[in-house]
Every structure is written in C-alpha cells, then in structure tokens.
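Step one of this worksheet: look at the structure below.
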Amino acid sequence: MSALYRGAPAALKRFVETAVERSTRIPYAGVAHEPEVFLRKTSRAKIVKKYLHKHWLLKWRGQSRLELSSAADAKRLLWIYTGKRNFGDATMDMSGRALLKGRGFDIDLFTLPNLHKLFEEDDVFQHVYSDLQQLAGRQYDAIVMSEFNLPSIKLKARNFRRLPYVCLFQYFYGPDRNQTTFSYAAVNHAFSLGYAPASIVALSKPYLTGKAGTRESVRALVPNEPFVALAVGGLDTNRTYGRWGELLDLLDRSDEPGIPRHIVLLGSDNGLAMAEVLLKRTFSTLKISSCVARLTLLQSREVAAQASLFVGADGGLMHVAHSTPTPSVSLFSDREPPYLRLTEACRSIGIQSTGDVDEIAPTAVMNAIRTQLVGLSSSADPAGLAGPDKPGVAA
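With this note's numbering, the residue at position 289 of the sequence shown is 286, and numbering never jumps.
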C-alpha cells in the first residue's frame, strides 16, 4: 500500500487523506480523542475501504443529496440509533440530546430492542420504538442518524428514503474518544445551537431520566441514612473488580464522620456471586444491603441518585450513575483512559490501573472516597488518583 500510495496521482492522494481525516479526526475543538494511537495499528487501506463502502452506499441509495447542513428548522424528527448494543456506549453516544430539551423539537427514537428499556422514560424523546411496524403512519420532517454505518444507512434508505437527514458522527470510526463530549458537540453542530467549544466541554455529561413511578418503586430499598452505592460484578474480566471485600474492611475501620456507614450493592446477575460473598462478611460498623439482580437499570440509577457516593468499575452501570448528580469514584483498566470516559460534570475521580482493574489497590480507592466525601486523604499526593483530564495509574 505504501509503495502504491507514493506513486499515486495527486488527486487520489487527496481523496485518501480526506477519507482518513473524516474517519479518524473529530472536527470539534475540545473533544478528546486518540487518532494517532489508532493510525499506528490500522492501515490506511482498511480505513479507506470502510469509508468507500459507506460513501458509495449513500450515493447508490440516493441519500447523499438528502443530507442537511442543519436540522434547526425541522420540527418532527426520528433519531435512529443502531450502533453499539451495550448500555454504556449508548448512554454516552446519545447524551447530547440533553441540549435539545425544551427547544420545541418533537423527537422520536428508533433503536435496538435491548436498548428500548434504557430510554423508554426519556424526557427528550416523545416515543421510543424498536419495531419498524410501530412507525407505520408516523410523519417526520427529518431523520437524525447517529453515524454512517451499514445498518443505519440501509435502514434509512429502505424505510425513509425521501426524508432529509443530519448525521451526528458522520464517517468517524475507530479511534478511542470521549463519546459524551463528542455527542454534545455533534448535536450542537447539527442543530446550530451556537454553544462555544468551552461551554460544550463544561456541559457534557451522560444523560438519562426516569419517571416518578421509577423513583417511587425503589423507595423501600433506599436507606433512611447516608449511604455509598457500590457496583459489583461485570461482563469483562479486565474491567471487573474483585477486591471489594478489602475496600469494605478499610471503610469499616475508618473513623471519618463524613463517610457513610451503610453500603448498598448494585449490579446485574453477574454480580450475584460477589454480592453473596460481601453479605456473608462480618463488619463492626458497616451495614451492607443488596439490590443486585433486583432492579432495572433505571431503578439502579434512582438508587445511585440518592447515594452520597457511587463507586464502581468502568461499565454500563457506571455511565448510568454518571447521569445523576451523585459524585463518584470510577475504576479503569489500562485499556480505558479515564479522560476519554469521564467529563468534568461527572464529578468523578478516575483511577486507572497498570493492568486489569483488579490490580488497583483498595487503599487507592479508599483515598479517592475520602477525597470525595470528606476532602482529605491519607497522603498529600495519593497514588492512583486522577481527574478526567489526567489519566491516573494505580499500583
């Protein structure tokens, strides 16, 4: 490829550079991303091939000419999200819709069936659909596409072929990035909202909402005293923390008055084994209760929203918790830079391991808890603490 590229005509080189630029560079100031890291391990040929596939599919299906420079004049919109299936990515990727609240847009969401429950109580989307038959008879002025991927292009062309559209993330794919800030910046641009880059960075935060019924449904599970919400379990081994027992021992021995004595465990089925282990432990001052595998994500969000602090490893529940006002301590493996997962508005201290998340020392987590809850630490510069703009390393 490199030899062919060097001898290629200037016009072809410009096309390749354009394809690579649009695929790997975010055009909005302040959105953290790592194109260089991606380009070091991915060939330009692969990037250009993917770009061409999407570019020509849009042209072949007659969609290129329908793209709008702005959706500001549209009233009724359908937002299509058929990207990542997991809750954390979906929460971040669509968080920018918070900027549209109260602006007079009527927006419906069409998404994957497993994501329906995450957004069904939303206060920006009027309706949430996951079955195309439910859209029969619905009238829209324009479509909002999250990105140019093959499923979304085919869905748009097959079912809404004459409707104009905006696309938030365009051809971007591959490089790790701060998905939350990217979402806010893209919505700001697509709807001509006029926020300055610094304002977008400051406002960026995962966005979810729940209805009054969901809040009421967890009332009996929320302690009548200050508590820490602790997320246990996980899908990926490298992002699953197994040293919660050691941390609880440290909390049990602490005498700081600002640290709650009640711990509420949150998580799904994959956290049941850890929850059982922790519930069997004996503590002098701590009380442990468990909501693991008992709540929906939105119910778990309501519990986290009422906690003094949320503590958890990188995953869907962490991002859901960051949609609340509750401060947090967030644990990351060496593969997940905190500055690409957190924003200032998350009010989180990120701790990054040099390996799997399980290698983070419980003392580092305890120091972060102290910092968040009582504004002190056992050392002047605790190892492993990092804000969203400074990836940390925990021994």
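The beta-carbon is built from N, C-alpha and C at its ideal position, and this holds for glycine as well.
All of these numbers come straight from a predicted model, not from anything done at the bench.
query = Which residues share a DSSP beta bridge with T108?
reply = For the purposes of this step, residue 108 is identified with residue 111 of the sequence shown, where counting begins at 1. Beta-bridge pairing links T108 to Y78.
ask   = Nearest CA to the CA of N185: which residue from E33, K98, N221?
value = For the purposes of this step, residue 185 is identified with residue 188 of the sequence shown, where counting begins at 1. Of E33, K98, N221, the residue nearest in Cα terms is K98.
key: Sub-9 Å separation of V163 and M142 beta-carbons   = Taking the sequence shown and counting its residues from 1, one reaches residue 163 at position 166. Taking the sequence shown and counting its residues from 1, one reaches residue 142 at position 145. A contact, by the Cβ cut-off of 9 Å.
ask   = Does DSSP put L9 in a helix, a strand or coil?
value = For this step, residue 9 is matched to residue 12 along the sequence shown. Look at L9 here: in three-state DSSP terms it is helix.
query = Given I357, which residues of its chain have a CB within under 6 Å of its CB, disregarding the five upstream and five downstream residues?
reply = Residue numbering aside, residue 357 sits at position 360 when the sequence shown is read from its first letter. So the list reads L328, I348, S350, A391, once near-sequence residues are dropped.
key: Proximity below 9 Å, CB of L227 to CB of I256   = In the sequence shown, residue 227 corresponds to position 230, counting from 1. In the sequence shown, residue 256 corresponds to position 259, counting from 1. No, Cβ-Cβ distance for L227 and I256 is not below 9 Å.
inquiry  = Short of 6 Å in beta carbon distance, which residues of its chain neighbour G268, apart from the five on each side in sequence? Order them along the chain.
reply    = Counting from 1 along the sequence shown, the entry for residue 268 is found at position 271. If we look at G268 and ignore the five residues flanking it on each side, its Cβ neighbours are V229, G230, V289.
message = Could you give the first and the last residue of the continuous alpha helix (DSSP H) run that contains L276?
response = Position 279 of the sequence shown, counting from 1, holds the residue named residue 276. First-last of the alpha helix (DSSP H) with L276: 269 to 277.
task = Could you tell me the distance, in whole angstroms, from the CA atom of R332 to the CA atom of D173?
result = Counting from 1 along the sequence shown, the entry for residue 332 is found at position 335. Counting from 1 along the sequence shown, the entry for residue 173 is found at position 176. Those two C-alpha atoms are separated by around 10 Å.
query = Span of the alpha helix (DSSP H) holding L218?
reply = On the sequence shown, residue 218 is found 221 positions in, with the first residue counted as 1. Note, L218: premise wrong, no alpha helix (DSSP H); not H, not E.
query = What does R73 pair with, by DSSP beta-bridge criteria?
reply = Position 76 of the sequence shown, counting from 1, holds the residue named residue 73. In the DSSP output, where bridge partners are listed per residue, R73 has D103.
Sub-9 Å separation of Q369 and P335 beta-carbons = The residue you call residue 369 lines up with position 372 of the sequence shown. The residue you call residue 335 lines up with position 338 of the sequence shown. No, Cβ-Cβ distance for Q369 and P335 is not below 9 Å.
query = Expressed to the nearest angstrom, what Euclidean distance is found between the alpha-carbon atoms of V274 and F157?
reply = Sequence index remark: in the sequence shown, residue 274 carries index 277 (1-based). Sequence index remark: in the sequence shown, residue 157 carries index 160 (1-based). A straight-line Cα-Cα distance of about 52 Å links V274 and F157.
query = Taking three-plus beta-carbon pairs below 8 Å as touching, is the segment 108 to 127 in contact with the segment 44 to 52?
reply = Contact between the segment 108 to 127 and the segment 44 to 52 is absent, because fewer than three Cβ pairs lie under 8 Å.
ask   = CB-CB under 8 Å to F35, same chain, minus the five flanking residues each way: which ones, in chain order?
value = Here residue 35 corresponds to residue number 38 of the sequence shown, with the count starting at 1. Apart from the 5 residues on each side of it in sequence, F35 sits with its Cβ closer than 8 Å to the Cβ of T21, G171, P172, D173 in its chain, given in chain order.
request  = Would you decide whether A8 is buried or exposed? Buried here means 16 or more other CB atoms lie within 10 Å of its CB.
outcome  = Mapped onto the sequence shown, residue 8 falls at position 11. Classification for A8: exposed.
task = Excluding the 5 residues preceding and the 5 following T282 in the sequence, name in chain order all residues of the same chain whose CB lies nearer than 6 Å to its CB.
result = As a position in the sequence shown, residue 282 is number 285, starting the count at 1. Taken in chain order, the residues that qualify are D249, R258.
query = Which class does C343 belong to by DSSP, given the choice of helix, strand or coil?
reply = As a position in the sequence shown, residue 343 is number 346, starting the count at 1. Helix.
task = For R159, name the three-state secondary structure that DSSP assigns.
result = Sequence index remark: in the sequence shown, residue 159 carries index 162 (1-based). Shown here, R159 sits in coil according to DSSP, grouped into three states, outside any helix or strand.
request  = Starting from L263, follow the alpha helix (DSSP H) in both directions and report where the run begins and ends.
outcome  = Start at 1 with the first residue of the sequence shown, and residue 263 comes out as number 266. Segment 259 to 263 is the beta strand (DSSP E) holding L263; no alpha helix (DSSP H) there.
key: Helix, strand or coil at K410 [DSSP, three-state]   = Here the chain has residues from -2 to 392 only, and residue 410 is not among them.
ask   = Would you call P254 buried or exposed, if buried means 16 or more other Cβ atoms sit within 10 Å of its Cβ?
value = Start at 1 with the first residue of the sequence shown, and residue 254 comes out as number 257. Label assigned to P254: exposed.
request  = Return the CA-CA distance between L96 and S286, expressed in angstroms with no decimal places.
outcome  = Looking up residue 96 in the sequence shown gives position 99. Looking up residue 286 in the sequence shown gives position 289. Each residue's Cα considered, the two are about 37 Å apart.
query = With a Cβ-Cβ cutoff of 9 Å, do S297 and L314 count as a contact?
reply = Here residue 297 refers to the residue found at position 300 of the sequence shown. Here residue 314 refers to the residue found at position 317 of the sequence shown. Cβ atoms of S297 and L314: closer than 9 Å.
First and last residue of the uninterrupted beta strand (DSSP E) at M91 = Within the sequence shown, residue 91 is the residue found at index 94, counting from 1. Judged by DSSP secondary structure, M91 falls outside any beta strand (DSSP E); it is assigned neither H nor E.
request  = Kindly indicate which three-state DSSP category H319 falls into: helix, strand or coil?
outcome  = Walking along the sequence shown from the start, residue 319 turns up at place 322. Note: H319 maps to coil in three-state DSSP.
ask   = Expressed to the nearest angstrom, what Euclidean distance is found between the alpha-carbon atoms of A310 and E18?
value = The count along the sequence shown starts at 1 and reaches residue 310 at position 313. The count along the sequence shown starts at 1 and reaches residue 18 at position 21. Near 33 Å, if we compare the C-alpha coordinates of E18 and A310.
query = From Y78 to S92, what distance separates their C-alpha atoms?
reply = Looking up residue 78 in the sequence shown gives position 81. Looking up residue 92 in the sequence shown gives position 95. Spanning the alpha carbons of Y78 and S92 requires a straight line of approximately 12 Å.
inquiry  = Only counting the same chain, and skipping five residues up and downstream in sequence, which positions put a Cβ closer than 8 Å to that of Q136?
reply    = As a first step, residue 136 must be located in the sequence shown, where it is residue number 139. In the same chain as Q136, and ignoring 5 residues on each side of it, the C-beta atoms closer than 8 Å to its own belong to R73, in chain order.
request  = Please find out if some non-hydrogen atom of the ligand GTP comes closer than 8 Å to the beta-carbon of V274.
outcome  = With respect to small molecules bound, the structure shown includes none, and the ligand GTP cannot be examined in it.
ask   = Shorter than 9 Å from the beta carbon of T79 to some beta carbon of chain D?
value = Absent from the structure: chain D. Only one protein chain is present.
ask   = In the DSSP assignment, what are the bridge partners of G309?
value = Your numbering for residue 309 matches position 312 in the sequence shown. Under DSSP, G309 takes part in a beta bridge, and its partners are S327.
task = With DSSP as the reference, label A377 as helix, strand or coil.
result = Sequence index remark: in the sequence shown, residue 377 carries index 380 (1-based). Reliability of the predicted coordinates at A377 is poor, the pLDDT of 35 falling under 50, and the value obtained from them is presented with this limitation in mind. Collapsing the DSSP output to three states places A377 in coil.
inquiry  = If you reduce the DSSP assignment to three classes, tell me which class F116 lands in.
reply    = Mapped onto the sequence shown, residue 116 falls at position 119. Note: F116 maps to helix in three-state DSSP.
Close Cβ partners of V215 (< 6 Å) along its chain, the five nearest in sequence each way excluded = As a first step, residue 215 is located in the sequence shown; it is residue number 218 there, counting from the start. If we look at V215 and ignore the five residues flanking it on each side, its Cβ neighbours are Q296, E299, V300.
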